[in-house]
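Contents: one structure, followed by commentary.
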Amino acid sequence: MHPGDADRHVHGLLRGRLRGVLQLRQGGPPTRRAQGQGVTDEAAVEARIERRRRAAPRFTDERVTMAHGAGGKASRKLVEGIFVPAFANPALDALGDAARLDIDGSQIAVTTDGFVVTPIRFPGGSIGELAINGTVNDLAVSGARPFAVTASFILEEGVAADIVRAEATAMADAARAAGVIVVAGDTKVVERGKADQMYVTTTGLGLVDGRARLDATSARPGDRVIVSGPIGDHG
Numbered sequence: 118m119h120p121g122d123a124d125r126h127v128h129g130l131l132r133g134r135l136r137g138v139l140q141l142r143q144g145g146p147p148t149r150r151a152q153g154q155g156v157t158d159e160a161a162v163e164a165r166i167e168r169r170r171r172a173a174p175r176f177t178d179e180r181v182t183m184a185h186g187a188g189g190k191a192s193r194k195l196v197e198g199i200f201v202p203a204f205a206n207p208a209l210d211a212l213g214d215a216a217r218l219d220i221d222g223s224q225i226a227v228t229t230d231g232f233v234v235t236p237i238r239f240p241g242g243s244i245g246e247l248a249i250n251g252t253v254n255d256l257a258v259s260g261a262r263p264f265a266v267t268a269s270f271i272l273e274e275g276v277a278a279d280i281v282r283a284e285a286t287a288m289a290d291a292a293r294a295a296g297v298i299v300v301a302g303d304t305k306v307v308e309r310g311k312a313d314q315m316y317v318t319t320t321g322l323g324l325v326d327g328r329a330r331l332d333a334t335s336a337r338p339g340d341r342v343i344v345s346g347p348i349g350d351h352g
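In structure tokens, the structure reads:
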């Protein structure tokens, strides 16, 4: 048995996800010469990994599974294999936490996110609070100052009005604390059993601070990591 192409750039050797038995490379002389410079097995493997890392994923699955919504490799294949080619444009191609749009000399950051949480209330928060904080967080880590949010609600038939009211209040409190306002929204009701009480989708707008460009491609060794709360805390 031999392993397939390893996603070491994502998982590393320790976390594995390597199929079959790990192949160990033996030391030895360069396998080939290129422009008078030795190219070792190690360099060839690293170059292959880098090519695969940069290659656009192809979506070959016949059906969408729960794994495609988990935010990992399967999600990346879904997004970059179907949606990015369909909507291709420079703002989307960056695939950041928020897109940057130039409008009348200012740069606006736009982000959108969906929240499906079971149960909708959990220790330390709820779906409403998470929706606001998660959206504001995506803008902040993109170097933008959030100023407005829109929200869409999918409500299950029969959900208690007190639950909806409590989540609206939680969102309002979180928005107030973050210094943003909820400026628009939409509500839809689906049949009982077609949703788990409520789902929330938000879109956030922020004004980009031109003094810094924050994105994954800008990270460099030695950069400082700033956290706004306890490690592992969301929002």
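Taken in order, the sequence shown gives residues 118 to 352; the numbers are from the numbering used here.
Glycine is no exception: its CB is placed at the ideal position from the N, C-alpha and C atoms.
Predicted, not measured: the structure shown is a model, and the values here were computed from it.
A distance below 6 Å between beta-carbons, with the five flanking residues on each side excluded, links Thr304 to the following residues of its chain, in chain order: Phe270. Here DSSP, grouped into helix, strand and coil, assigns Lys311 to coil. Counting along the chain, Arg217 sits inside the beta strand (DSSP E) bounded by residues 216 to 220.
For Gly245, the enclosing alpha helix (DSSP H) begins and ends at 244 to 257. Under the DSSP assignment, Thr228 falls in the beta strand (DSSP E) whose first and last residues are 223 to 232.
Using a Cβ-Cβ distance cut-off of 8 Å, the region 310 to 322 and the region 339 to 347 are not in contact, since fewer than three pairs of beta carbons, one from each stretch, lie closer than that value. Bridge partners of Val306 according to DSSP: Leu272. With a threshold of 16 other beta carbon atoms within 10 Å, Asn250 meets it and is buried. Where Thr334 is concerned, there is no enclosing alpha helix (DSSP H), because DSSP gives it neither an H nor an E. Of all C-beta pairs linking the region 319 to 326 to the region 215 to 230, three or more are shorter than 8 Å, placing the two stretches in contact. The way I'd put it, the region 284 to 295 doesn't touch the region 328 to 339; fewer than three beta-carbon pairs between them come closer than 8 Å.
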